Amino acid sequence: MKMFRIRKDDKVMVIAGKDAGKIGKVLKILRKKDRVLVEKTNMVKRHMRPNPYAQQPGGIVEKEMPIHVSNVMVVCSACGKATRVGYKTIESEGKEKKVRFCKKCNEVME
């Protein structure tokens, strides 16, 4: 399985494409396709057929589409900038724990 430095519920900034500069929350990670679904970015219009069994009306629906993982960067909660993510081990209560940290300000990311 591929390891991404981005996790669900992370705040990310789009750095390439038509939505460059937008910030949103990661809703879903699609590991097989190397893509992430970011809230309110890469919006497209889909023509939906009505489904009376699921009480879904038809019409034109706007929804988010996945973005390649290389086109987003994690936004640090401490400094508020888009940054690369590093890993280090810290010792707490006698146990070593692997944590992510911001490469710009060296703060541990939650």
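If you read the sequence shown in full-length UniProt numbering, its first letter stands for residue 1, the second for the next number, and so on. The beta carbon of each residue, even a glycine, is placed where N, CA and C say it ideally should be. Since the structure is predicted, the reported quantities are computational estimates derived from the model, not experimental observations.
Between residue 31 and residue 67, the C-beta gap is not smaller than 8 angstroms, which leaves the two residues out of contact. Relative to the Cα of residue 40, the nearest Cα in the group 78, 13 and 90 belongs to 13.
If you draw a straight line from the Cα of residue 22 to the Cα of residue 55, it is about 33 angstroms long.
DSSP places residue 62 inside the beta strand (DSSP E), whose first and last residues are 59-64.
Nearest in C-alpha terms to residue 84, of all of 74, 91 and 90, is 74.
Assigned with DSSP and collapsed to three states, residue 51 falls in strand. For residue 107, there is no enclosing beta strand (DSSP E), as DSSP marks it with neither H nor E.
In this structure, residue 81 sits away from residue 89, with a CB-CB distance that is not shorter than 8 angstroms.
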